[in-house]
Amino acid sequence: MRRIIVAITGASGAVYGVRLLHALRAAADVETHLLVTPAGVLNLKQELDLTRGDVERFADVVHNVRDIGATIASGSFVTHGMVVAPCSMKTLAAIAHGLADNLIARAADVCLKERRRLVLLVREAPLNLAHIRNMEAVTLMGGVIFPPLPAFYHRPKTIDELVDHTVARVLDLLDIAHGLAPRWEGEIGASAGETD
187 MRRIIVAITG ASGAVYGVRL LHALRAAADV ETHLLVTPAG VLNLKQELDL
237 TRGDVERFAD VVHNVRDIGA TIASGSFVTH GMVVAPCSMK TLAAIAHGLA
287 DNLIARAADV CLKERRRLVL LVREAPLNLA HIRNMEAVTL MGGVIFPPLP
337 AFYHRPKTID ELVDHTVARV LDLLDIAHGL APRWEGEIGA SAGETD
(Lines of atoms letter the chains of each structure in order from A and count residues from 1; the text may use other names and numbers.)
(Lines give C-alpha, C1' and ligand atoms only; values in the text may rest on other atoms or scores of the structure.)
Protein backbone atom coordinates (compact mmCIF):
# COMPACT_ATOMS: atom_id res chain seq x y z
CA MET A 1 0.00 0.00 0.00
CA ARG A 2 1.41 3.38 -1.06
CA ARG A 3 0.38 6.32 1.09
CA ILE A 4 -0.05 9.64 -0.72
CA ILE A 5 -0.70 12.91 1.10
CA VAL A 6 -2.92 15.40 -0.74
CA ALA A 7 -3.24 18.96 0.52
CA ILE A 8 -5.67 21.55 -0.80
CA THR A 9 -4.84 25.16 0.08
CA GLY A 10 -6.48 28.51 -0.65
CA ALA A 11 -4.97 29.17 -4.06
CA SER A 12 -7.27 29.07 -7.06
CA GLY A 13 -7.46 25.64 -8.67
CA ALA A 14 -9.20 23.44 -6.10
CA VAL A 15 -10.26 21.24 -9.01
CA TYR A 16 -6.70 19.87 -9.25
CA GLY A 17 -6.76 18.52 -5.70
CA VAL A 18 -10.25 17.07 -6.09
CA ARG A 19 -9.45 15.42 -9.42
CA LEU A 20 -6.22 14.01 -7.97
CA LEU A 21 -8.17 12.44 -5.10
CA HIS A 22 -10.56 10.84 -7.61
CA ALA A 23 -7.66 9.46 -9.66
CA LEU A 24 -5.85 8.11 -6.60
CA ARG A 25 -9.05 6.46 -5.39
CA ALA A 26 -9.15 4.55 -8.68
CA ALA A 27 -5.61 3.23 -8.10
CA ALA A 28 -5.61 -0.23 -6.55
CA ASP A 29 -2.82 0.13 -4.01
CA VAL A 30 -3.02 3.73 -2.79
CA GLU A 31 -4.10 5.10 0.59
CA THR A 32 -4.78 8.85 0.55
CA HIS A 33 -4.27 11.24 3.45
CA LEU A 34 -6.11 14.54 2.97
CA LEU A 35 -5.52 18.01 4.39
CA VAL A 36 -7.64 21.05 3.54
CA THR A 37 -6.93 24.54 4.84
CA PRO A 38 -9.79 26.89 5.84
CA ALA A 39 -9.07 28.96 2.71
CA GLY A 40 -9.09 25.73 0.70
CA VAL A 41 -12.61 25.04 2.00
CA LEU A 42 -13.69 28.50 0.80
CA ASN A 43 -12.26 27.82 -2.66
CA LEU A 44 -13.96 24.44 -2.88
CA LYS A 45 -17.26 26.24 -2.37
CA GLN A 46 -16.43 29.21 -4.62
CA GLU A 47 -14.97 27.27 -7.55
CA LEU A 48 -16.71 23.88 -7.41
CA ASP A 49 -19.72 24.35 -5.13
CA LEU A 50 -18.37 21.57 -2.88
CA THR A 51 -18.22 21.35 0.90
CA ARG A 52 -15.38 19.99 3.01
CA GLY A 53 -17.44 16.82 3.56
CA ASP A 54 -17.99 16.37 -0.18
CA VAL A 55 -14.24 16.20 -0.70
CA GLU A 56 -13.30 14.30 2.46
CA ARG A 57 -15.35 11.29 1.38
CA PHE A 58 -12.86 10.69 -1.46
CA ALA A 59 -9.94 10.29 0.98
CA ASP A 60 -9.02 7.26 3.06
CA VAL A 61 -7.75 9.34 5.99
CA VAL A 62 -8.52 12.97 6.80
CA HIS A 63 -6.27 15.13 9.00
CA ASN A 64 -6.84 18.50 10.64
CA VAL A 65 -4.23 21.02 9.44
CA ARG A 66 -3.63 22.04 13.08
CA ASP A 67 -2.87 18.49 14.26
CA ILE A 68 0.92 18.54 14.42
CA GLY A 69 0.79 15.21 16.27
CA ALA A 70 -0.77 13.35 13.33
CA THR A 71 0.92 10.29 11.82
CA ILE A 72 2.07 12.17 8.72
CA ALA A 73 4.04 14.61 10.91
CA SER A 74 6.66 11.91 11.52
CA GLY A 75 9.25 10.46 9.19
CA SER A 76 8.73 7.07 10.83
CA PHE A 77 5.27 6.97 9.23
CA VAL A 78 6.21 5.89 5.72
CA THR A 79 4.55 7.70 2.84
CA HIS A 80 5.22 7.50 -0.88
CA GLY A 81 4.93 11.25 -1.37
CA MET A 82 2.87 14.40 -1.06
CA VAL A 83 1.10 16.72 -3.48
CA VAL A 84 -0.13 20.22 -2.60
CA ALA A 85 -2.80 20.96 -5.20
CA PRO A 86 -3.24 23.84 -5.45
CA CYS A 87 -0.36 25.34 -3.48
CA SER A 88 -0.75 28.91 -2.26
CA MET A 89 2.23 31.25 -2.06
CA LYS A 90 1.80 31.25 1.74
CA THR A 91 2.16 27.47 1.88
CA LEU A 92 5.08 27.57 -0.54
CA ALA A 93 6.82 30.13 1.70
CA ALA A 94 6.23 28.02 4.82
CA ILE A 95 7.70 24.96 3.11
CA ALA A 96 10.63 26.87 1.61
CA HIS A 97 11.59 28.27 5.01
CA GLY A 98 10.96 25.11 7.03
CA LEU A 99 8.37 26.78 9.26
CA ALA A 100 6.32 23.61 9.89
CA ASP A 101 3.66 25.92 11.37
CA ASN A 102 0.78 23.61 10.40
CA LEU A 103 0.44 19.97 9.37
CA ILE A 104 0.76 20.73 5.65
CA ALA A 105 4.09 22.49 6.08
CA ARG A 106 5.26 19.84 8.57
CA ALA A 107 4.28 16.90 6.33
CA ALA A 108 6.05 18.60 3.40
CA ASP A 109 9.11 19.12 5.60
CA VAL A 110 9.06 15.41 6.45
CA CYS A 111 8.92 14.50 2.74
CA LEU A 112 11.92 16.71 2.04
CA LYS A 113 14.02 15.46 4.94
CA GLU A 114 13.19 11.82 4.18
CA ARG A 115 13.87 12.39 0.45
CA ARG A 116 10.32 11.49 -0.53
CA ARG A 117 8.52 12.98 -3.51
CA LEU A 118 6.98 16.42 -2.87
CA VAL A 119 5.02 18.07 -5.70
CA LEU A 120 3.69 21.61 -5.38
CA LEU A 121 1.10 22.85 -7.89
CA VAL A 122 1.89 26.50 -7.22
CA ARG A 123 -0.75 29.00 -8.33
CA GLU A 124 0.03 32.68 -8.79
CA ALA A 125 0.61 35.07 -11.66
CA PRO A 126 2.54 37.16 -12.19
CA LEU A 127 5.32 36.01 -9.86
CA ASN A 128 7.31 38.35 -7.67
CA LEU A 129 10.90 37.75 -6.58
CA ALA A 130 9.87 36.23 -3.23
CA HIS A 131 7.75 33.63 -5.05
CA ILE A 132 10.60 32.76 -7.42
CA ARG A 133 13.16 32.49 -4.61
CA ASN A 134 10.83 30.28 -2.57
CA MET A 135 10.33 28.01 -5.58
CA GLU A 136 14.09 27.87 -6.05
CA ALA A 137 14.59 26.95 -2.38
CA VAL A 138 12.09 24.09 -2.54
CA THR A 139 13.65 22.84 -5.79
CA LEU A 140 17.12 22.87 -4.25
CA MET A 141 15.76 20.83 -1.33
CA GLY A 142 14.43 18.19 -3.74
CA GLY A 143 10.82 19.26 -4.19
CA VAL A 144 9.12 19.49 -7.59
CA ILE A 145 7.56 22.81 -8.54
CA PHE A 146 4.71 22.04 -10.90
CA PRO A 147 2.60 25.05 -11.89
CA PRO A 148 -0.59 23.62 -13.42
CA LEU A 149 -0.04 25.15 -16.84
CA PRO A 150 -2.33 23.81 -19.56
CA ALA A 151 -0.92 21.86 -22.48
CA PHE A 152 -2.61 22.01 -25.87
CA TYR A 153 -0.73 19.47 -28.01
CA HIS A 154 -3.34 16.81 -27.16
CA ARG A 155 -6.06 19.22 -28.41
CA PRO A 156 -8.27 19.34 -25.32
CA LYS A 157 -11.92 20.09 -25.91
CA THR A 158 -12.99 20.67 -22.30
CA ILE A 159 -11.65 22.10 -19.06
CA ASP A 160 -11.85 18.58 -17.62
CA GLU A 161 -9.40 17.37 -20.27
CA LEU A 162 -6.99 20.19 -19.39
CA VAL A 163 -7.21 19.32 -15.68
CA ASP A 164 -6.85 15.59 -16.33
CA HIS A 165 -3.69 16.17 -18.36
CA THR A 166 -2.06 18.01 -15.45
CA VAL A 167 -3.21 15.40 -12.93
CA ALA A 168 -1.87 12.65 -15.21
CA ARG A 169 1.56 14.29 -15.16
CA VAL A 170 1.42 14.44 -11.36
CA LEU A 171 0.54 10.74 -11.21
CA ASP A 172 3.55 10.06 -13.43
CA LEU A 173 5.76 11.88 -10.93
CA LEU A 174 4.38 9.60 -8.21
CA ASP A 175 4.95 6.46 -10.34
CA ILE A 176 1.24 5.65 -10.29
CA ALA A 177 -0.18 3.96 -13.38
CA HIS A 178 -3.20 5.60 -14.99
CA GLY A 179 -5.08 6.08 -18.22
CA LEU A 180 -6.18 9.62 -17.44
CA ALA A 181 -4.75 11.43 -20.46
CA PRO A 182 -3.17 10.60 -23.82
CA ARG A 183 0.61 10.35 -24.02
CA TRP A 184 2.80 12.20 -26.48
CA GLU A 185 3.48 10.05 -29.54
CA GLY A 186 5.63 12.42 -31.57
CA GLU A 187 4.97 15.50 -33.63
CA ILE A 188 2.66 15.09 -36.60
CA GLY A 189 4.33 15.91 -39.93
CA ALA A 190 7.62 17.09 -38.42
CA SER A 191 10.75 16.61 -40.46
CA ALA A 192 13.87 15.45 -38.67
CA GLY A 193 16.06 18.35 -37.67
CA GLU A 194 13.45 21.08 -38.01
CA THR A 195 13.38 23.63 -35.23
CA ASP A 196 11.39 26.76 -34.54
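The opening position of the sequence shown corresponds to residue 187 in the numbering used here, with each subsequent residue numbered one higher. Glycine residues also receive a C-beta, built at the ideal position from the N, C-alpha and C atoms.
CA-to-CA, the gap between K299 and G328 works out to about 9 Å.
Counting only unbroken stretches of 3 or more residues, the beta strand (DSSP E) elements lying wholly within the stretch 277 to 353 are 303 to 308, in sequence order. Under the criterion of beta carbons closer than 8 Å, V269 and I190 qualify as touching, at roughly 7 Å. Only buried fits F332, as 16 or more other CB atoms lie within 10 angstroms of its CB.
In the three-state reduction of the DSSP assignment, T223 falls in the coil class, being assigned neither a helical nor a strand state. Remark: C-beta atoms of L228 and T237 do not approach each other more closely than 8 Å. For A193, the beta-bridge partners assigned by DSSP are L221 and V270. Put simply, the backbone Cα of A214 is about 33 Å away from that of D287.
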